[in-house]
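This report refers to the structure that appears directly beneath it.
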C-alpha cells in the first residue's frame, strides 16, 4: 500500500515539477509570480485534445503542436500583459498576473464549456493503458512509466539548455542582474520571451499528461494545479530550477501520503499547508536563496 | 569623556567579500566627521552598519546618546532611529507621492504614540499630538527653508530641495547623530553653499554630523576630522591638513606612482 | 459647498430614502444591500494593497471566518447581532495576526500566495468539518438581526426579516467603516502605512516598525472583513462554504483596483459598479446561453486594463481625506498669508 502511494505520489510530483519549473524560471528572470501559468497548463491539455478531435492529429504530434501553441501563448502573455509593466511597481504586475489568469480561465470556459471532458481514449496509444509491472498489490502502468520518462528527460533537457547553451547563460545572467546583462549586449526581452516559451511548453506537457492520467480535463484545472506547482516551486526555493524538481516530487509524495493516511478530504489542503509552513519556517526553500525582505 | 559613537573593530563580510575589515574610530560630540575614500571603499557599508541595515559580522558599535552606553550592532533601523541615529540616502529616498509636510510628519512617528483606537476616536490626546506633529514638522521645514512648499508634492521639488527635504526628514526624528550619505552629490555650487550653511546650523543645534562626500573641497572645509577608508580598511584618520598630506591617502586616490612623486 | 458635493449629497439622500418609496422593488433593495456588503469588504481590503502596497488574495477567508463565527454563535448561543459584530471582528483580526506575523516579513509575492493558501484552507475546513459547519449542506436557519429594546418599552423587540431594516443597518455599517477608514488614513497609523508602501527602507529609517505596522494593517483589514461576513450571515440567514471561494476575493480586489488602490471613496464606487455590472452580466450571459461564471472574464480584463492604462484607478486619490483636516486647512491659510505678506513687503520695498 505504501509503495503504491509512493508511486502515485511520484507520478503526481513529477508533473508538479514540470509546472513548477515554469514558475521558477519566470520568477528567476523577471521576479514575478506568473499566476497565469496554471492557465497555460490547462490550455495545453485543451489544445492537445482539440488537435486530436478537431484536426485528427496523432497523439504524439498533437502533444508537440500543443507545446508550440502554449509557447506562443506564453510569449504573447508576456508581451501583452507583463512587458508594459516592467518598470511599474511589483503590485501592479502581480495584479495583472492574477487578472490574466482569471481572464484566460474564463476564455477557456466560453470556448470549451464548463463541463469536464474525458481525454479521447482512441488517440492514446493502447500500450500506455496496460500494466507494465504488477507485484502483489502494487501496480505500475506504462502510462506512469511514460510520465516518468517524459518528465525526467524534459528536466534533463532543460538542465542542458540552462547550463550549456548561450541562451541559458543569458537567462542565468538576467536572473543575477538585469541591467548588467543588458549592458553585456544580451537582448533582455528576447531572453524573457524565450523563458516564457520554455516554461509554457513544459507546462503544456504537464497539462496533457495529467489529463491523460486522470482521463479528464476542465477549464478550472489550472487553478489548483497552478497553486500546488507554485507551492512546489516555493518548497524547492523559488528561482532554483533543480529546487522546483525536488519540490514537486516532495509535494506530490506528501500529498499522496497525506490523502492516503491522513484524510483524503484534505488532499489539496496538504499542499497549501506545506506551502504555508515552508514559507513561514524556511522561506528560501530547500535549495533557494534568502527572500527576507531586506527593506 | 565617552565618544558619542564608538566603532570598535567592525568587520562586515558578504559571502566571500570582505567589505569592511576591522574598522575602529570614534565620533565625538559636537563634531563634523567626514568619511572619505575611493568608490567601493566601504563607506556606505559602514553607514548601513551604523543605521541598522546590516549587522556587522564582528566587532562592536557602541552608541552613547546620554549617560548610558548601548551596544547597538544588529539593531533594526527603526530602533536606531528611536535611539537617535538618523540618516539620509545616497540616492534620495523620499516618499515621492506624498506631500512635503507628510514626509516630515512620518518622521515624527518614532517620537509620537497615538494608536489605532486613539486615532479612530480622535481623543484629546491624539488631537493635541497631531497639532504638535504639524508644528514640529513646520519647524524643521523652516529650518531647512522649505516651509513655504509644505503642501506641495515631494516629487515636485527641485533636486537640491529634495536633498534638503531628506535632511529635514532625518532631523525631524530628533537624532543625536546624523549620517549624511553624499549630501552634495549633483548639487550646483549655490546649492552646495546653502548645504554647508545648513550643516553648520545642524551642528549648532547640538546634533553631531557624520558625512560621506566626494566633493573634497566641501569635506576639507567643513570637517574637523576625517576618516579615510580604502578597500574596506581604515587607512588614515585626522584633521584635513594631515589627511591631505598623508602618503597612503594620496596613494589610495591617485595610485602608487603619485605617492612617490608627491 | 461646491456643486459636486451638493449633487453627491442629493444622490446619497435619494438612495437612502429609496426603500421608503411605494414603488421600491425587493430586487433593487437586495442588490443595493449586497453592494453595501461589498463596500465594507472593499474598504477593508483596501487597507492592505491600497495603504500598505501588499497583495492580499485571501480576503474572503476572513469574510468566511466572520460569517461562520456569526452564524454559529447565533445558532448555538443566540447572541444578539450587536454582541457578535465585535466578537467576529476580533476573531478575524486574531487570524490576521496569526497569519500575518510570520509571513509579512517576506516579500510581497510570498505574502500574496500565503493569503491565497489560507483562504483555500478556510474553505476546505468549512467544507470538511461537518460536525461544526454541516459542511457542504450549509448552515441554514440563522436568526436575522434583532434589536432588543424591551428594557425601554416592552413592545420594542424587533426582528428584521424585511429588506428595508437590513438596508438601513447595512448603510449604518458602511458609514461606520467609512468613518473609521477616514480617521485611520489621516493619522499616525495611516501615514506609517503610506510610508511603508512608498519606500520600506526609508520608512524604517523614520522609525516605523515595518513588520508591526503591516501586521496591524492586516489585522484591521481582516477584522473589517469579518464584520462584513457577520452582517452577511445574519442578513442572508444561510451560509455555505461555496460562498467563500477564491472568486469572492478576486471580485473584492477588482473593486479596489477599479476604484484606485488606496482610495476609500474609490473602493465604495468600485463596489457599486462591479455589483451592478455583475447583475447585468449574469442576466445577459445566461440569456445568450453562457454560464454565469463567465462574467469573471470581464473582471479579469478590467484588472489587466486598469493596471496597464490607469494604475491609480478611475477615481485616483486626489482629495484624500487628510486634506480636509482642520490642521492642514489652517496651515494652508497660514502659508498663503505668509506668501502674501512677503509679496507686500517686496512691493513696499520696491
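Chains as they are written, first to last, in the working numbering: chain A, 632 to 926; chain B, 16 to 277; chain C, 4 to 353.
All C-beta atoms, glycine included, are put in the ideal place defined by N, C-alpha and C.
Beta strand (DSSP E) segment containing residue i, residue limits
i                     : result
residue 1 (chain B)   : With chain B covering 16 to 277 only, the question about residue 1 (chain B) has no answer from this structure.
residue 102 (chain B) : 100–102
residue 199 (chain C) : From DSSP, residue 199 (chain C) is part of no beta strand (DSSP E) but of the alpha helix (DSSP H) over 191–201.
Host alpha helix (DSSP H) of residue i (start-end)
i                     : result
residue 20 (chain C)  : 6–20
residue 257 (chain C) : 249–262
residue 75 (chain C)  : 62–80
residue 118 (chain B) : 115–122
residue 60 (chain B)  : 58–66
residue 145 (chain B) : 139–159
residue 232 (chain B) : 231–237
residue 225 (chain B) : Looking at the DSSP string, residue 225 (chain B) is not in any alpha helix (DSSP H); the run it does join, the beta strand (DSSP E), is 223–227.
residue 809 (chain A) : 809–814
residue 265 (chain B) : 262–269
residue 75 (chain B)  : Taken as a continuous stretch (DSSP letters only), residue 75 (chain B) belongs to no alpha helix (DSSP H), being part of the beta strand (DSSP E) at 73–78.
residue 718 (chain A) : Taken as a continuous stretch (DSSP letters only), residue 718 (chain A) belongs to no alpha helix (DSSP H), as it is neither H nor E.
Cut-off 7 angstroms between Cβ atoms - residues of its own chain near residue i, not counting five sequence neighbours on either side
i                     : result
residue 355 (chain C) : A question about residue 355 (chain C) goes unanswered here, because the residues of chain C that appear run from 4 up to 353.
residue 285 (chain C) : 295 and 298
residue 716 (chain A) : 723, 724 and 727
residue 322 (chain C) : Because the pLDDT at residue 322 (chain C) is just 44, under 50, the model does not fix this residue reliably, and the value given afterwards should be weighed accordingly. Counting only Cβ-Cβ distances below 7 angstroms, and skipping sequence neighbours, we find nothing.
Through-space distance from residue j to residue i, alpha-carbon basis
i                     : j                     : result
residue 1 (chain C)   : residue 103 (chain C) : Here chain C covers residues 4 to 353 and nothing more, so residue 1 (chain C) does not appear.
residue 182 (chain C) : residue 253 (chain B) : 59 angstroms
residue 153 (chain B) : residue 177 (chain B) : 16 angstroms
residue 727 (chain A) : residue 120 (chain C) : 19 angstroms
residue 156 (chain B) : residue 14 (chain C)  : 42 angstroms
residue 682 (chain A) : residue 16 (chain C)  : 59 angstroms
residue 755 (chain A) : residue 690 (chain A) : 6 angstroms
residue 72 (chain B)  : residue 818 (chain A) : 38 angstroms
residue 275 (chain B) : residue 914 (chain A) : Since pLDDT at residue 275 (chain B) reaches only 47, below the 50 mark, its modelled position is unreliable, and no value is offered.
residue 255 (chain B) : residue 140 (chain B) : 50 angstroms
residue 20 (chain C)  : residue 93 (chain B)  : 51 angstroms
residue 258 (chain B) : residue 62 (chain B)  : 21 angstroms
residue 852 (chain A) : residue 865 (chain A) : 20 angstroms
residue 335 (chain C) : residue 125 (chain B) : 25 angstroms
residue 753 (chain A) : residue 131 (chain C) : 38 angstroms
residue 78 (chain B)  : residue 18 (chain B)  : 8 angstroms
residue 636 (chain A) : residue 646 (chain A) : 15 angstroms
residue 281 (chain C) : residue 347 (chain C) : 59 angstroms
residue 98 (chain C)  : residue 26 (chain C)  : 44 angstroms
residue 708 (chain A) : residue 824 (chain A) : 9 angstroms
residue 186 (chain C) : residue 138 (chain B) : 12 angstroms
residue 783 (chain A) : residue 831 (chain A) : 17 angstroms
residue 54 (chain C)  : residue 188 (chain C) : 8 angstroms
residue 311 (chain C) : residue 718 (chain A) : 11 angstroms
residue 85 (chain B)  : residue 97 (chain B)  : 13 angstroms
residue 712 (chain A) : residue 678 (chain A) : 21 angstroms
Own chain residues within Cβ distance below 8 angstroms of residue i, not counting five before or after
i                     : result
residue 114 (chain B) : 165, 166, 167, 168 and 169
residue 271 (chain C) : 42, 45, 46, 177, 181 and 262
residue 213 (chain C) : 199, 203, 206 and 207
residue 139 (chain C) : 130, 243, 244 and 245
Contacts around residue i, its chain only, beta-carbon distance under 6 angstroms, and the 5 residues preceding and following it disregarded
i                     : result
residue 278 (chain B) : For chain B, the structure presents residues 16 to 277; residue 278 (chain B) sits outside this window and is missing.
residue 143 (chain C) : 241
residue 163 (chain C) : 147, 148 and 169
8 angstroms Cβ cutoff met for residue i and residue j
i                     : j                     : result
residue 101 (chain B) : residue 60 (chain B)  : no
residue 82 (chain B)  : residue 23 (chain B)  : no
residue 238 (chain C) : residue 328 (chain C) : no
residue 228 (chain C) : residue 49 (chain C)  : no
residue 52 (chain B)  : residue 243 (chain B) : yes
residue 730 (chain A) : residue 307 (chain C) : yes
residue 210 (chain C) : residue 70 (chain C)  : no
- [ ] Scan the stretch 288–312 of chain C for residues whose Cβ lies nearer than 7 angstroms to a Cβ of chain A and list them as they occur along the chain.
- [x] The residues in question are 293, 294, 296, 297, 299, 300, 302, 303, 304, 306, 307, 310 and 311.
Open item on the list: Under 8 angstroms, CB to CB, which of the residues in the stretch 107–119 of chain B have a partner in chain C?
Closed with: For the stretch 107–119 of chain B, which is checked against every Cβ of chain C, the residues closer than 8 angstroms are 108, 109, 110, 111, 112, 113, 116 and 117.
Open item on the list: At a CB distance below 9 angstroms, what residues from the stretch 118–137 of chain B approach chain C? Give them in sequence order.
Closed with: Those residues of the stretch 118–137 of chain B that come within reach of chain C (Cβ to Cβ, closer than 9 angstroms) are 118, 120, 121, 122, 123, 124, 125, 126, 127, 128, 129, 130, 131, 133, 134, 135, 136 and 137.
- [ ] Output, in sequence order along the chain, the residues in the stretch 844–871 of chain A whose CB is closer than 8 angstroms to any CB in chain C.
- [x] Legend: CB atoms of the stretch 844–871 of chain A lying less than 8 angstroms from CB atoms of chain C belong to residues 854, 858, 861, 862 and 865.
Open item on the list: Residues of the stretch 250–269 of chain C in Cβ contact with chain B at a cutoff of 8 angstroms, in chain order, please.
Closed with: Per Cβ criterion, the list is empty.
- [ ] Residues of the stretch 697–714 of chain A with a CB closer than 8 angstroms to any CB of chain C: list them in chain order, please.
- [x] Answer in chain order: 712.
Task: Chain-ordered residues of the stretch 93–122 of chain C with a beta carbon less than 9 angstroms from chain A - done: Result list: 102, 105, 106, 107, 108, 109, 110, 111, 112, 113, 114, 115, 116, 117, 119, 120 and 121.
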